[in-house]
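The number in the numbering used here is simply the position in the sequence shown, starting from 1, with 6 added. Using N, Cα and C, we set each Cβ at its ideal position, and we do this for glycine too. Note that this is a predicted model, so its numbers are computed, not measured. This report refers to the structure that appears directly beneath it.
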Amino acid sequence: MLEPRMRGSTFAHRCRSLLLLPAMVVCLAAPAHAKPRGPFDTSEGFTDPRRPALPRAHRFRFTLESGFIGLTKVVDPATGTPVQFHFAPLMLGLMYQLQFLKLMSLRVGTNLGYNVANSRSAMPVVINPRLWLGVQARRVGIHGGYGYLLIVPGQANATSSRSDLEQPLLKQPHQVGGELSFTSRMDRFAFTGSVGVQAVLTQICHLSLDCANDPSQTKRIYPMVTFGVGVFFDGSIKRAKAKASREKAKQDL
Numbered sequence: 007m008l009e010p011r012m013r014g015s016t017f018a019h020r021c022r023s024l025l026l027l028p029a030m031v032v033c034l035a036a037p038a039h040a041k042p043r044g045p046f047d048t049s050e051g052f053t054d055p056r057r058p059a060l061p062r063a064h065r066f067r068f069t070l071e072s073g074f075i076g077l078t079k080v081v082d083p084a085t086g087t088p089v090q091f092h093f094a095p096l097m098l099g100l101m102y103q104l105q106f107l108k109l110m111s112l113r114v115g116t117n118l119g120y121n122v123a124n125s126r127s128a129m130p131v132v133i134n135p136r137l138w139l140g141v142q143a144r145r146v147g148i149h150g151g152y153g154y155l156l157i158v159p160g161q162a163n164a165t166s167s168r169s170d171l172e173q174p175l176l177k178q179p180h181q182v183g184g185e186l187s188f189t190s191r192m193d194r195f196a197f198t199g200s201v202g203v204q205a206v207l208t209q210i211c212h213l214s215l216d217c218a219n220d221p222s223q224t225k226r227i228y229p230m231v232t233f234g235v236g237v238f239f240d241g242s243i244k245r246a247k248a249k250a251s252r253e254k255a256k257q258d259l
């Protein structure tokens with residue numbers, strides 16, 4: 007059994023808790039007022055990341071892109087195991103982007119790279135000019151268009167020093183497809199990542215698939231998947247430095 011003093015202190019403690027409960031409810035129910043944002047300091051040439059602006063009218067995009075196509079399959083006579091050939095170019099690209107009608111975008115450029123798959127003896131170097139048209143918002147861009155995969159030099163049924171298997175060649179590969187990109191600006195740089203899906207309309211020259219004597223039997227449509235990362239250059243750094251210089255000159259006057 008509790009003593010009178012203990013019972014009184016316990017009762018007083020409960021009363022204080024009940025009296026504080028309405029105040030807590032009022033505080034929780036009251037609308038939260040966020041602290042107003044102060045002006046962002048742009049004196050050093052930085053841009054406010056909280057307010058992304060629309061892309062500038064003229065920009066250049068430098069990217070590193072990889073692609074993948076699954077090609078023909080043959081059986082290795084030495085081991086009796088099937089071997090799947092692939093075409094996987096790893097390319098550096100430079101594109102010019104024109105922004106018009108606020109959200110519309112036109113991209114023109116080319117990629118240059120090397121085939122890192124097991125068909126590189128037949129298709130070593132890749133030149134990939136492109137023309138894209140689409141929509142480019144503040145963050146997300148969707149583009150579609152045409153490209154051409156120029157193989158330099160292309161040699162059908164070429165072999166490597168590691169294997170005697172003849173490798174396939176893509177002849178006159180036309181590329182039609184689209185790309186989804188996401189751009190995020192950090193300070194004065196705009197970084198971008200992209201994923202694309204294209205259809206490659208081509209002739210494949212490999213073993214019995216003779217492009218010279220029977221071209222109608224060599225026509226194929228292969229799906230191609232691409233992944234890319236890059237950065238946009240739009241002259242922001244140069245303009246930011248010029249603006250900072252002008253502001254400093256005004257302060258010195």
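Quiz item: So what's Ala-256 in DSSP terms, helix, strand or just coil?
Solution: A small fix is needed here, since residue 256 is Lys in this sequence, not Ala. Note: Lys-256 maps to helix in three-state DSSP.
Exercise. Give me the Cβ distance between Asn-163 and His-92, rounded to the nearest whole Å; I'm assuming they're in contact under 8 Å.
Key: Between His-92 and Asn-163 the Cβ distance is about 16 Å, and since that is not below 8 Å, they are no contact.
Practice problem: Could you check which residue in Gly-202, Met-101 and Tyr-120 has the C-alpha nearest to that of Leu-136? | Solution: According to the sequence provided, residue 136 is Arg. The question's Leu does not apply to it. Checking every option, the nearest Cα to that of Arg-136 belongs to Met-101.
Quiz item: What three-state label does DSSP hand Ser-251 in the structure shown?
Solution: DSSP places Ser-251 in helix when its eight states are reduced to three.
Quiz item: By how many angstroms is the C-alpha of Ala-123 removed from the C-alpha of Ser-169?
Solution: The straight-line gap from Cα to Cα measures roughly 14 Å.
Quiz item: Excluding sequence positions up to five away, which residues of its chain have a Cβ less than 7 Å from the Cβ of Met-129?
Solution: Scanning its chain for C-beta atoms nearer than 7 Å, with the 5 sequence neighbours on each side dropped, one finds around Met-129 the residues Phe-93, Asn-121, Ile-157, Gly-160, Leu-175 and Leu-176, in chain order.
Quiz item: From this set, Ser-166, Gln-173 and Ala-255, which residue's C-alpha is nearest Leu-215's C-alpha?
Solution: Comparing Cα-Cα distances from Leu-215 to each of Ser-166, Gln-173 and Ala-255, the minimum goes to Gln-173.
Quiz item: Exposed or buried, Gln-264, counting other C-beta atoms within 10 Å across all chains shown (16 or more means buried)?
Solution: It is not possible to answer for residue 264, since the shown part of the chain is limited to 7 through 259.
Practice problem: Rank Ile-75, Phe-239 and Gly-86 by C-alpha distance to the C-alpha of Phe-195 and give the top, closest one. | Solution: The residue with the shortest Cα to Cα distance from Phe-195 is Phe-239.
Practice problem: Give every residue of the same chain whose Cβ lies closer than 6 Å to the Cβ of Gly-147, excluding the five residues on either side of it in the sequence, and list them in chain order. | Solution: Same-chain partners within the cutoff: Ser-187.
Quiz item: CB-CB under 6 Å to Val-80, same chain, minus the five flanking residues each way: which ones, in chain order?
Solution: The residues are Val-89.
Practice problem: State the CB to CB distance for the pair Val-206 and Leu-155, rounded to an integer number of angstroms; the pair is presumed to be in contact (CB under 8 Å). | Solution: That pair is a contact at about 7 Å.
Quiz prompt | Counted within 10 angstroms of its Cβ, other Cβ atoms place Leu-171 as buried (16 or more) or exposed | solution = Residue burial is scored here from C-beta neighbours: Leu-171 has at least 16 other C-beta atoms within 10 angstroms and is therefore classed as buried.
Practice problem: Please state whether DSSP places Ser-125 in a helix, a strand or coil. | Solution: In the three-state reduction of the DSSP assignment, Ser-125 falls in the coil class, being assigned neither a helical nor a strand state.
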